[in-house]
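Protein chains in written order, with this note's numbering: chain V, -4 to 403; chain H, 73 to 293.
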C-alpha cells in the first residue's frame, strides 16, 4: 500500500510499504477514505517530539471502512464506516473506566520506554512516535486499529460526508475538551491563543458552552477572520498590543479562562523571550518555545483557569511559575480523552448545530501529502486544514495520463 | 474548499532540492568548523596561510559551527545569508594572506582556496534566495484567502451561543470528571449531563448565554 512515511526532520515521503495485517484478536483493518494533517504532525515534521524512527507512518486523524476484523471484535464488521480516535484505548483499565482514555494503561506497547521518559506511560497513539507505542499512522491506504472494539466511532448510520465527521478523530474533541475543562460560566471571557484547527474549534466550543465573549489571538489574517466569523473578537499581535487589547476588553481584569492552542512551537517574534527560546532550542538546552504560555500566565485573571490543548514536548526555560502560583491559576492539560466527548459531538453535528467541514481549506490526493506538509508549515495558500484522500489520483498523474492519451 | 495550488512533481516528497542543499551546506559548515577549531594551524597551512593566526581561525570555526546549526534549523534562510557574509570574510582574509605571500614565498594554494570559497559563496547565495522564495511562495502570490464566511454554525452564530450545553440527560461514554466511576468504558451512561463533564454548574438554571452572575459561593469556614 501507499503511505506517508517519516524519514527524518522535514523529510516525509509518499512510499510503498507492506499492507497491515491483523496481529491481535482485538484488531481491525480499515480502508482509509479520508485522513488529515494535524498541527501536531508538524512537531514530528520538525523532529521536536522524541522517539520518531525512520520508516514510521504518519497520521492520527483518519476514518474509513472496515475491511477485516480480529476474532474478538464483535461490534464491528466489514463494511462498517468508522472514525478512528487518535488515542488508542482498551476500555478495561482503571484509567479508561474513569474516562481518562488518553492515559490508558494498556494500549502503549512501548510502555517501558515511555515510563523512563514520563514516569508513567500514556496511551498508545497512531503515528506519534515510539514513545506512544510506535503504531503506524493513518495517512495511508489502510490502517491497523488496535483495540478496535473500543477504539472507533461507528458512523455507519450517518449519511454525512467524511469532511463533516473526520474531525471527531481529534481536533473537534480537542477544541471541545479545551473549552469544557475551563468550566465556563455565562459571565466568562475566554481568550484563545492560536487560530489553527484546534484554536478554531476551541473558539466555537467556548461559544457553544455559553461563554460571554471569546477572544482569539492570532497573527495570520485568514485564521483570525475564520475565528471572527464564529463570533470571536480578534486580536492580531502584529497590529496591536495583546496586553492593551485584553485589558480593554476585560475591563482591566484579564480573561477568566485562557486556552493555549499553540503549544511548543510558538511563532518567533522579536520579543526578548522568543529570541532566548530560539537560542536555547538551537543549543539543545530547551525543547519548547513557550512565549504563549508566558503571555497567558501574565494575562490570565487571578483565580482563572489555563487550559492547554497545544502540545508541549519537553523542557521549557524561563517560565515564571511563581506568577502562576501567586495568581492562583488552575491548569488543565493533556492529550484529548476523545471518546469522552464524541457521542455528544456527533449528536451536535447530526443535529446541524455545527458543521466541522468549515475548517477544510485544502483537499488533495494522499500522494500530494508531503508537499502539503510544507505548505501547511509555511502557512502558505491560506492552509489551515488539509484532508488527504488515499486512492485519489493526483493532478500530476492526471496530466501524465492526459499526455499519454494525446501521445497515443 | 480549494484544490492544492502547490501540488506538482515535488509534492510526493516534503524536502525540496533547495532544502536538501541547505542541509549539505550545513554539513560543509560543520566539517570546516571542526577543522578550524581542532586543527587551526594545519588548516591555515592547507589553504596557504601563515599558521600564526590560530585564534582567528578558531573564531571562524565557531562561526562555521553556528552557521551549520542554523542551516539545519526549520528556517535556515538567515543562517545561509550569514554563511554568505562569512564567505566574504574568508575571501578577504585569504586575499590578505595572498598579498603577503606575493612578495616572497608564493603559494598557489591560497588562490585555489579563494576560488573555492567564491564558488561556495555563489552556491550559498543561490540556495538562500531559492529557499526564501519557496517560503514566500503562495504567501504573497495569488488572492488572499477569505474565510470570513466560515462560521461553522449552519444556524448562525447567535443560535450557536450556549447550544452545546445539554441540560437534560446526556448519553455519553463513561468518564468525565467523576473519578472513581466504575462504569465500563464504551457503555452508555445515562443521566450524565454535559455540565457534569466540564460545562457550567449542573444546578445552574440560567438560560444559555445569560450574563447573570452565579451566586457567590458560601465561604468555607
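Note that the Cβ used here is the ideal one computed from N, Cα and C, for glycine as well.
Residues that residue i contacts on chain V, provided the C-beta gap is smaller than 7 Å
{"i": "residue 237 of chain H", "result": "204, 205"}
{"i": "residue 156 of chain H", "result": "Residues of chain V passing the Cβ test: none, with the nearest at roughly 20 Å."}
{"i": "residue 207 of chain H", "result": "373"}
{"i": "residue 222 of chain H", "result": "221, 224, 353"}
Partners in chain H for residue i, counting only beta-carbon separations shorter than 9 Å
{"i": "residue 348 of chain V", "result": "225, 226, 227, 231, 232, 235, 236"}
{"i": "residue 55 of chain V", "result": "Those do not exist, as residue 55 of chain V stays about 17 Å from chain H at its closest Cβ, beyond 9 Å."}
{"i": "residue 213 of chain V", "result": "Result: empty, since nearest Cβ-Cβ is about 12 Å, beyond 9 Å."}
Own chain, CB closer than 7 Å to residue i, minus 5 neighbours either side, in chain order
{"i": "residue 190 of chain H", "result": "163"}
{"i": "residue 64 of chain H", "result": "This structure leaves residue 64 of chain H out entirely; chain H is present only between 73 and 293."}
{"i": "residue 95 of chain V", "result": "332"}
{"i": "residue 132 of chain V", "result": "52, 53, 54, 55, 121, 122"}
{"i": "residue 93 of chain H", "result": "199"}
{"i": "residue 126 of chain V", "result": "45, 46, 105, 108, 109, 112"}
{"i": "residue 97 of chain V", "result": "82, 117, 118, 329, 330, 331, 332"}
{"i": "residue 74 of chain V", "result": "60, 61"}
{"i": "residue 334 of chain V", "result": "80, 84, 96"}
{"i": "residue 90 of chain V", "result": "98, 99, 100"}
Residue i versus residue j: straight-line alpha-carbon distance, rounded
{"i": "residue 171 of chain H", "j": "residue 134 of chain H", "result": "26 Å"}
{"i": "residue 2 of chain V", "j": "residue 87 of chain V", "result": "35 Å"}
{"i": "residue 344 of chain V", "j": "residue 107 of chain V", "result": "39 Å"}
{"i": "residue 385 of chain V", "j": "residue 368 of chain V", "result": "16 Å"}
{"i": "residue 110 of chain V", "j": "residue 116 of chain V", "result": "5 Å"}
{"i": "residue 168 of chain V", "j": "residue 178 of chain V", "result": "15 Å"}
{"i": "residue 371 of chain V", "j": "residue 36 of chain V", "result": "10 Å"}
{"i": "residue 91 of chain H", "j": "residue 47 of chain V", "result": "20 Å"}
{"i": "residue 185 of chain V", "j": "residue 100 of chain H", "result": "49 Å"}
{"i": "residue 11 of chain V", "j": "residue 316 of chain V", "result": "48 Å"}
{"i": "residue 211 of chain V", "j": "residue 171 of chain V", "result": "15 Å"}
{"i": "residue 185 of chain H", "j": "residue 132 of chain H", "result": "15 Å"}
{"i": "residue 18 of chain V", "j": "residue 124 of chain V", "result": "20 Å"}
{"i": "residue 8 of chain V", "j": "residue 49 of chain V", "result": "11 Å"}
{"i": "residue 86 of chain H", "j": "residue 273 of chain V", "result": "23 Å"}
{"i": "residue 165 of chain H", "j": "residue 122 of chain H", "result": "11 Å"}
{"i": "residue 23 of chain V", "j": "residue 318 of chain V", "result": "48 Å"}
Interface residues of chain H facing residue i [CB-CB closer than 7 Å]
{"i": "residue 368 of chain V", "result": "86"}
{"i": "residue 365 of chain V", "result": "83, 84, 85, 86"}
{"i": "residue 6 of chain V", "result": "86, 87"}
{"i": "residue 288 of chain V", "result": "Within 7 Å Cβ-Cβ: nothing; residue 288 of chain V doesn't reach chain H, min ~20 Å."}
Contacts around residue i, its chain only, beta-carbon distance under 6 Å, and the 5 residues preceding and following it disregarded
{"i": "residue 232 of chain V", "result": "214"}
{"i": "residue 217 of chain V", "result": "377"}
{"i": "residue 358 of chain V", "result": "382"}
{"i": "residue 129 of chain V", "result": "105"}
{"i": "residue 137 of chain H", "result": "105"}
{"i": "residue 303 of chain V", "result": "255, 328"}
{"i": "residue 355 of chain V", "result": "158, 380, 382"}
{"i": "residue 256 of chain H", "result": "Caution applies to residue 256 of chain H, whose pLDDT of 40 falls short of 50 and renders its modelled position unreliable; the value that the coordinates give is listed next. Answer for residue 256 of chain H: no residue qualifies."}
Closest Cα partner of residue i within the set the options
{"i": "residue 182 of chain H", "options": "H:105, H:84, H:120", "result": "H:120"}
{"i": "residue 224 of chain V", "options": "V:386, V:322, V:196, V:21", "result": "V:196"}
{"i": "residue 275 of chain V", "options": "H:99, H:161, H:145, H:154", "result": "H:145"}
{"i": "residue 158 of chain H", "options": "H:105, H:180, H:232", "result": "H:105"}
{"i": "residue 16 of chain V", "options": "V:83, V:141, V:228", "result": "V:141"}
{"i": "residue 218 of chain H", "options": "V:353, V:361, V:8", "result": "V:353"}
{"i": "residue 232 of chain H", "options": "V:164, V:198, V:148, V:146", "result": "V:198"}
{"i": "residue 266 of chain V", "options": "V:147, V:287, V:92", "result": "V:287"}
{"i": "residue 346 of chain V", "options": "V:137, V:70, V:153, V:50", "result": "V:153"}
{"i": "residue 247 of chain V", "options": "V:293, V:22, V:278", "result": "V:293"}
{"i": "residue 226 of chain V", "options": "V:251, V:139, V:187", "result": "V:187"}
{"i": "residue 429 of chain V", "options": "V:183, V:341, V:203, V:191", "result": "Residue 429 of chain V lies beyond the residue range present for chain V, which begins at -4 and ends at 403; the question has no answer from this structure."}
{"i": "residue 139 of chain H", "options": "H:103, H:235, H:225", "result": "H:103"}
{"i": "residue 190 of chain V", "options": "V:156, V:29, V:155, V:229", "result": "V:229"}
Listed by chain order, chain V residues near residue i by CB distance under 8 Å
{"i": "residue 217 of chain H", "result": "217, 356, 376, 377"}
Cβ-Cβ separation, residue j to residue i (assumed contact under 8 Å), whole Å
{"i": "residue 53 of chain V", "j": "residue -1 of chain V", "result": "5 Å"}
{"i": "residue 193 of chain V", "j": "residue 77 of chain V", "result": "Rounded, the Cβ-Cβ distance is 22 Å, inconsistent with contact."}
{"i": "residue 209 of chain V", "j": "residue 220 of chain V", "result": "The pair is not a contact, with the Cβ atoms about 15 Å apart (cut-off 8 Å)."}
{"i": "residue 31 of chain V", "j": "residue 244 of chain V", "result": "That belief does not hold up - the Cβ atoms of residue 31 of chain V and residue 244 of chain V are roughly 33 Å apart, past 8 Å."}
{"i": "residue 360 of chain V", "j": "residue 387 of chain V", "result": "4 Å"}
{"i": "residue 196 of chain H", "j": "residue 149 of chain H", "result": "That pair is no contact at about 11 Å."}
{"i": "residue 136 of chain V", "j": "residue 64 of chain V", "result": "The Cβ separation is near 18 Å, so there is no contact."}
Beta-carbon contacts of residue i that lie in its chain and below 8 Å, excluding the five residues immediately before and after
{"i": "residue 374 of chain V", "result": "215"}
{"i": "residue 13 of chain V", "result": "-4"}
{"i": "residue 271 of chain V", "result": "312, 313"}
Chain-ordered chain V contacts of residue i [CB-CB under 9 Å]
{"i": "residue 193 of chain H", "result": "Per Cβ cutoff of 9 Å: no residues; residue 193 of chain H is ~24 Å from chain V at best."}
{"i": "residue 101 of chain H", "result": "Within chain V, no residue comes near residue 101 of chain H; the closest Cβ sits about 14 Å away, beyond 9 Å."}
Chain H contact residues for residue i, given Cβ-Cβ distances below 8 Å
{"i": "residue 200 of chain V", "result": "236"}
Heavy atom of the ligand PLP within 7 Å of residue i beta-carbon
{"i": "residue 182 of chain H", "result": "The model on display carries no ligand, and the ligand PLP is accordingly not part of it."}
Check distances from the C-beta atoms of the segment 220 to 234 of chain V to those of chain B and list, in chain order, the residues that come in under 8 Å. This model lacks chain B altogether, as its protein chains are V and H.
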